Structure formats: C-alpha cells, structure tokens
Amino acid sequence: MDSQVRQNYHRDCEAAINRMANMELHTSYVYLSMAFYFERDDVALPRLARFLLAQSHEEREHAEGLLRFQTRRGGRVLLQDVKKPEQDTWGSALEAMEAALQLEKLVNQALLDLHRLATAKEDP
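Following this line, the structure appears as structure tokens:
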C-alpha cells in the first residue's frame, strides 16, 4: 500500500535512496574499523582513532538523514545487510587516509549519480 504523503516520488529514486543509505552505513562501518585499529595498544594513535570515530558517527548521521527523507517522501525504508570492511588492519596513518579518500570518492560519486537520477525523473 502506498503512503498517503507520497507525491512525485519515483520508485527508482526510492530504491536509490535505500542503496545510498546502505553505502553510508558501510562507510560508517569502515571508519569504525579504522578507529578501533588505531586505538590498539600496538598501533597507539589515539587522536587519529578519535577523528575516525567521529567520521563513523557522521556517516551514520548521513544514513539516518537519508532514511528520514525516505519516510517523509512516503517511501519505504528497506534496510540491507551492511557489508563488512574489506580489511581489518589499516597499516600506517597515511595508508588509512588514502583508503578513506578512495571511499569518500566512491560515496561522492554515488551521491552525484543519485542527483542525476532524481533530476532525470523530475523529482524535486
């Protein structure tokens, strides 16, 4: 059954919002993994760990914002399994930041693709 508030909200956009929220949750999970790696006693970079933990929280907030948007538009939230990070150790701070940069580029591209889709479907 469709929501009563749903108006001009294309099904493709609804699905893309759910996928984007999942990507943001995955990104949060990666930052969480990084944070606790750098908190280990044999790595011991506590300030970097705090920074990465803050990034994890920020990404989760992004996901929550997308899910909130989904319900406000009359869409349905369909949570998917969150993929675990591809690695458990992150090497040096530089290597972790390089991995984080690549991840942020993927997220940014996904957001650009989402915007392109919404524009094509004439979704405000």
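If you read the sequence shown in the numbering used here, its first letter stands for residue 199, the second for the next number, and so on.
Glycine is no exception: its CB is placed at the ideal position from the N, C-alpha and C atoms.
Bear in mind the structure is a predicted one, so any value in this text is a computation, not a measurement.
Legend entry - Span of the alpha helix (DSSP H), counted from its first residue to its last, around P244: 244–270
Inset, instruction - Would you kindly check if the distance between the Cβ of L250 and the Cβ of Y227 is under 7 Å? - result: no
Inset, instruction - Could you pull out every residue in the same chain whose Cβ sits closer than 6 Å to the Cβ of R204, ignoring the five residues on either side in sequence? - result: G272
Inset, instruction - Could you please give the first and the last residue of the uninterrupted alpha helix (DSSP H) stretch that includes H224? - result: 209–236
Legend entry - Cβ-based burial, H260 [other Cβ within 10 Å; buried from 16]: buried
Legend entry - C-beta contact flag for E256 and A247 at 7 Å: no
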